Amino acid sequence: MPTPPVTGPLVTRASLADDLRALGVKEGETLLVHSSLSSLGWVNGGAPAVVQALLDALGPAGTLTVPTQSGDLTDPAHWQSPPVPESWWDEIRATMPPYDPRTTPTRGMGAIPEAVRTWPGALRSAHPHTSFAAIGPHAAHLTADHALDCQLGERSPLARLESLDARVLLLGTGYDSCTAFHLAEYRIPAPLATQGHPTPDGWRAFTDVALDSDDFATLGHAYERDRPVTRGQAGAAPCRLFPVRDAVAYAEHWLKLHRP
């Protein structure tokens, strides 16, 4: 059977940077990017070319931030994709390697965040489950002091992105991946959950807000209906661009009304 032809469009570093500028990405701004490499088309150079295009559009005064979560360092009792036998849980906890911001890979984030994580000069926050990586002048400020019991709240990079008037870029992804909405969960009455992670001294438990993104697609649809969201395209990828601060404020109001 013949190999199917490559489908496009052909995307290059330069063409993608031009598309990002046309969308409204500004030099010098701070950007939180959620991305899908496959949505862009055929990218010459792959994920590194996308990272370089983002940095080109932001310029040397801009800061690129991405989520670099490592869900495989969570409690195996909660794993669903796929679940593992209960008889394995204790041994998994006992032998799981501790989080290292320099070497722990992302899980389920895609090729672009993984490229950012390993980029020269990139910094990464310390949370074993919900870290962020950043490149640029604000990288150290954004990634410092990420509290263990505050995955995506006031002592996480999300709150610092909000304080810097950062914007969110959904690059071929939907609102179900919009991490910024989680910051609103810390500002409403929300259930808590006990979680755990490996350390050099063994398994350690901590308590934090029970994060839930199941209704984020619905929340995002309402946000886009009610608030100004810049929409466009980069390569073949549909894109949305909007302020972190505005999205969090809207989500806080919406979640109070729509969650029991």
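Going by the working numbering, the residue at position 39 of the sequence shown is 29; the numbering climbs one at a time, nothing skipped. Yeah, the Cβ is synthetic: ideal placement off N, Cα and C, and Gly gets one too. None of these values were measured; they are calculated from a predicted model.
Item to check | Span separating the alpha-carbon of LEU13 from that of GLY225 | outcome: A straight line joining the alpha-carbon of LEU13 with that of GLY225 spans about 11 Å.
Item to check | Selected residue, minimal CA-CA separation from LEU54, among ALA239, GLU17 and LYS246 | outcome: That would be GLU17, whose Cα lies nearest to the Cα of LEU54.
Checklist entry - Unbroken alpha helix (DSSP H) runs of length 4 or more, entirely within the stretch 56 to 118: which are they? => result 79 to 85 and 101 to 107
Checklist entry - Quick check: the stretch 76 to 85 against the stretch 126 to 137, are there 3 or more CB pairs under 8 Å? => result Verdict: no, contact absent.
Next on the checklist: Applying the 10 Å Cβ sphere with the 16-neighbour rule, what's the burial state of GLY31?
Outcome noted: buried
Checklist entry - Thinking C-beta only, is SER203 closer than 9 Å to PHE252? => result Because the chain spans -9 through 250 in this model, residue 252 falls outside it and cannot be assessed.
Item to check | Inter-residue CB distance, LEU182 and ASP198 (contact presumed, cutoff 8 Å) | outcome: 7 Å
Next on the checklist: For LEU63 and HIS119, which I take to be in contact (beta-carbon distance under 8 Å), what is that distance rounded to the nearest angstrom?
Outcome noted: 6 Å
Checklist entry - Per DSSP, which one or two residues make a beta bridge with ILE125? => result LEU54
Next on the checklist: Taking the straight line between their C-alpha atoms, what separation do you get for GLY126 and GLU214?
Outcome noted: 29 Å
Checklist entry - Looking only at C-alpha atoms, which of THR169, ALA116 and PRO218 sits nearest to HIS187? => result When each option's Cα is compared against that of HIS187, the closest is ALA116.
Item to check | Whole runs of the beta strand (DSSP E) within the stretch 178 to 226, excluding any shorter than 3 residues | outcome: 182 to 189, 192 to 199 and 220 to 224
Item to check | Pick from HIS243, SER167 and VAL238 that is closest to LEU148, judged by C-alpha positions | outcome: VAL238
Item to check | Coarse secondary structure for VAL(-4), derived from DSSP in three states | outcome: Three-state result, VAL(-4): coil.
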